[in-house]
Amino acid sequence: MCGIVGYIGPNPPVPIIIEGLRRLEYRGYDSAGIAIAGGPDGKLQLRRAPGKLRNLEAILAADPLAGTYGIGHTRWATHGRPTEENAHPHRDCTGTLVVVHNGIVENYLALKSELAAKGHHFVTETDTEIIAHLIEQELADAKPAILLEEAVRRAVKRLTGAFAIGVLSAKEPNKLVAARFGPPAVLGIGDGEYFLASDVPGILHHTRNIHFLADGEVAILTRSGITLTDFDGAPLPLKIQRIAWDPIQAEKAGYKHFMLKEIYEQPRAIRDTILGRVSPDTGHVFLPDMTITEADLRAATQITIAACGTSWHSGLAGKFMIERLARLRCDVDYASEFRYRNPIADPRAIGLLITQSGETADTLAAQRELIALGSKTLAICNVVGAAVSREAQGTITTNAGPEIGVASTKAFTAQLTALFLLALKLGQVRNTVSDEESLHLATELGKIPAKLEIMLQLNQPSAPGMSEGVAAPTPATNPALWANPDRRTRPRLSLTDQCCELAKIFSTSNDFLFLGRGIHYPIALEGALKLKEISYIHAEGYPAGEMKHGPNALIDETLPVVCIATQDPSDPTSVLKYEKTLSNIQEVTARSGRVIAIAIEGDQTIAQLVEHVIYIPASPELLLPILEVVPLQLLAYHIAVRRGCDVDQPRNLAKSVTVE
């Protein structure tokens with residue numbers, strides 16, 4: 292969750308580090324700090340501040356730092372309040388050595404007691420501070436003297452938990468030491484300059500040559516290059532990958548918020564996730580980054596999906612895809628709960644881990660449990676070279692590009708796309724999908740990006756939602772256009788304008804209910820999650836058929852109810868679900884509930900029943916979720932904006948959850 296940026300090279304380090312931390316703000320944080328060394332006086336200089344990065348920048352403007360190397364950090368509090376003294380970097384007793392840390396040291400209390408008994412004085416409430424003192428003690432105890440990197444290697448062997456750390460000492464000029472066990476860390480190789488970061492966007496403006504630090508690796512960055520070892524000091528090779536991301540992808544590109552930009556990037560993200568993986572002539576799916584064999588896929592007894600948050604919702608939708616197309620049992624677990632249900636070992640079961648970052652601690656723990664049970668694992672991930680991929684027998688990379696907004700949007704629809712590809716591949720391998728159906732479904736999948744572009748009006752000269760865009764007429768800007776009280780004859784608004792109007796009506800609501808059946812139920816859950824994440828309105832997703840088993844008690848004239856009432860007329864089960872959902876809608880309206888329905892273009896039946904309808908294009912049942920979720924994302928966004936919320940960085944949340 293925390294952001295780490297370190298730099299060593301010929302340029303002033305402060306601007307580079309601050310810029311990198313700003314590009315990592317999406318990870319979530321509540322304080323920031325920087326340490327610089329190599330200045331004229333040879334001393335270590337430290338500046339820290341609670342709150343946003345701008346507070347640290349103000350301190351630096353008033354009291355500048357000068358040096359040749361340094362390290363910075365944005366902290367998301369786990370141990371101790373978000374105060375200046377608890378902000379990173381943390382010092383040892385001498386004040387010449389500092390540590391930044393992402394993760395949790397589980398045995399920090401025992402180590403703290405041991406170090407206190409040896410005379411160490413602690414000034415913070417954090418677990419991180421003990422790492423600085425532990426390294427200090429290793430340096431003091433060593434006879435003969437050892438270098439900083441050896442002290443780090445000895446110290447990290449004593450830590451229990453998860454950590455990615457960066458260390459520098461004024462006593463060993465122009466050297467940064469990093470170590471990883473759990474949370475992500477990357478090294479950047481530039482032209483005579485070297486970088487450390489907790490994620491690629493923090494250094495992408497300076498270099499695309501990246502080494503992903505693996506668990507158990509220690510890196511020593513100096514002016515002459517990077518040396519890599521394991522925790523025992525054995526040398527390791529650098530494995531440099533060229534990152535294809537364009538740095539402009541991490542900019543807002545004229546949109547008011549990253550989240551809005553990322554909603555509008557979904558057609559491209561889905562198109563890129565499909566690209567090269569489906570034959571347009573046969574519908575055959577190719578998943579090249581797989582070492583698992585087709586024989587293993589045919590022999591599989593079940594798929595066990597483990598994920599968290601939004602990724603869990605995509606996994607729940609994926610269950611419907613896999614069971615429908617591959618006729619293979621699929622279980623979906625919260626990754627944080629998987630270990631605690633004492634899962635049954637089945638070597639022929641395949642584990643599927645879904646994680647945007649590829650570094651989610653609970654998901655990685657579930658992966659380790661699945662491997663221990665004898666299962667092969669696959670991954671769906673948005674980051675090349677992430678930890679989850681290194682342990683898996685195959686990865687479907689969602690080519691969504693960097694997602695900066697904490698609330699996931701384009702990564703979610705890219706995950707749904709990847710799950711559909713996997714389900715179709717399994718169906719083809721297991722002969723449960725005919726060649727004709729494969730071609731039909733692959734063709735329909737290929738149409739999804741264009742349908743989203745029509746929904747979002749991306750074929751217009753100025754895309755809606757951009758700060759310089761021109762909005763379509765609305766009831767507020769052209770009341771005469773909306774003078775007719777019959778909603779069936781009102782002019783149709785664009786999706787963006789419709790969500791803006793709904794936000795005006797419902798932004799003061801205290802509660803929302805989202806309903807869906809079958810594969811649409813996970814989208815109801817996701818719609819509720821998006822709303823609560825960024826607007827702080829209590830929202831709940833529920834299976835529509837369960838209304839009479841309790842939630843009907845909540846219905847009154849103040850409760851907005853979002854009903855996903857879509858159908859695929861060619862699918863009898865889908866039609867049946869639709870008819871049952873109409874009955875649920877009538878239950879709500881009979882109790883004065885205010886319904887917002889998501890329906891298929893041209894459905895006039897539902898317009899007779901509800902107050903508000905958002906239409907989406909027709910599509911096969913298993914692909915409708917990709918289209919359905921976009922209006923829910925926009926509705927949540929516009930409600931949050933009207934409520935004055937921090938859309939990109941909602942309170943108490945972080946983008947990459949790398950602690951349990």
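Numbering (the working numbering) for the sequence shown: 292 to 951.
Beta carbons are placed, not taken as given, at the ideal position from N, Cα and C, and that holds for glycine.
Check	Outcome
Helix, strand or coil for Leu519? Go by DSSP, reduced to three states.	strand
In the stretch 608–650, which residue ranges form an unbroken alpha helix (DSSP H) of at least 4 residues, counting only runs that do not cross its ends?	626–629
Here's the rule I'm using: 16 or more other beta-carbon atoms within 10 Å means buried, otherwise exposed. How should Val569 be labelled?	buried
Per DSSP, Pro834 is paired with what?	Gly807
For Ala890 and Ala909, what's the separation of their Cα atoms in angstroms?	9 Å
For the alpha helix (DSSP H) containing His589, name the first residue and the last one.	As written in the sequence, residue 589 is Arg, which differs from the His given in the question. Counting along the chain, the alpha helix (DSSP H) containing Arg589 begins and ends at 585–590.
Which of helix, strand or coil does DSSP assign to Thr573?	coil
Check the C-beta distance from Thr573 over to Leu730 and give it rounded, since I have them as a contact under 8 Å.	6 Å
On the premise that Gln647 lies in contact with Ser699, defined as a C-beta separation below 8 Å, what is that separation, rounded to the nearest angstrom?	6 Å
What are the boundary residues of the alpha helix (DSSP H) that Phe797 is part of?	786–797
Beta-carbon within less than 6 Å of Val852's beta-carbon, same chain only, minus the 5 sequence neighbours each way: which residues are those?	Leu804, Val879, Gly884, Val886
Around the C-beta of Ile308, are 16 or more other C-beta atoms found within 10 angstroms, so that it is buried, or is it exposed?	buried
Can you check which of these residues, Gly696, Glu817, Ile930, is closest to Ile828 by C-alpha distance?	Ile930
Give a yes or no on contact between the stretch 738–752 and the stretch 912–921, applying the rule of three or more CB pairs nearer than 8 Å.	yes
Run through DSSP, which three-state label would Pro526 get?	strand
Would you kindly check if the distance between the Cβ of Gly493 and the Cβ of Tyr486 is under 9 Å?	The question names Tyr, yet the displayed sequence has Phe at residue 486. The answer is yes: Cβ separation under 9 Å.
Taking contact to mean 3 or more Cβ pairs, one atom from each stretch, closer than 8 Å, check whether the stretch 407–414 and the stretch 386–399 are in contact.	no
Would you report the Cα separation of Leu588 and Ile662, rounded to the nearest angstrom?	16 Å
With DSSP as the reference, label Val724 as helix, strand or coil.	coil
In whole angstroms, give me the CA-to-CA distance for Asn769 and Cys791.	Confidence is the limiting factor: at Asn769 the pLDDT is only 34, short of 50, which leaves the residue's position unreliable and the question unanswerable from this model.
By the three-class DSSP mapping on this structure, what secondary structure does Ala488 have?	strand
With distances taken from CA atoms, which of Pro303, Val720, Asn633 is nearest Ala357?	Pro303
Evaluate Pro475 with the Cβ neighbour count: other Cβ atoms within 10 Å of its Cβ, from every protein chain shown; 16 or more gives buried, anything less gives exposed.	buried
Excluding the 5 residues preceding and the 5 following Arg778 in the sequence, name in chain order all residues of the same chain whose CB lies nearer than 6 Å to its CB.	Note that Arg778 scores a pLDDT of 39, beneath 50, so its modelled location is shaky; the value from the coordinates is reported in the next line. Counting only Cβ-Cβ distances below 6 Å, and skipping sequence neighbours, we find nothing.
Do you know how far the Cα of Glu316 is from the Cα of Gln940?	8 Å
At a cut of 8 Å, does the stretch 891–902 reach the stretch 678–686 through at least three beta carbon pairs?	no
Whole angstroms are fine: how far does the CA of Ala505 sit from the CA of Ala519?	Here residue 519 is Leu; the residue named in the question, Ala, does not match the sequence. When rounded, the distance between both Cα atoms is 11 Å.
Measuring CA to CA, which of Leu923, Phe454, Gly807 is closest to Ile824?	What sits at residue 824 in the sequence shown is Glu, not Ile. Nearest option by C-alpha distance: Leu923.
Starting from Leu459, follow its DSSP beta bridges and name the residues at the other end.	Val389
Grab me the residues of Lys462's own chain with a C-beta within less than 6 Å of its C-beta, minus the 5 sequence neighbours each way, in chain order.	Thr387
Indicate whether Arg808 and Lys716 have their beta-carbon atoms separated by less than 9 Å.	no
At 4 residues or longer, and completely inside the stretch 322–373: list those alpha helix (DSSP H) runs for me, N to C.	344–353
By Cβ distance, which residues of its chain are closer than 7 Å to Leu655, with the 5 residues on each side in sequence left out?	Ala678, Val679
Considering only the alpha carbon of each residue, which of Gly696, His811, Leu712, Cys672 lies closest to Ala617?	Leu712
Report yes if the CB atom of Ile534 is closer than 9 Å to the CB atom of Ile501, and no otherwise.	yes
Anyone know if the C-beta pair for Ala954 and Asn673 falls short of 9 Å?	The structure shown has nothing for residue 954, since the chain only spans 292 to 951.
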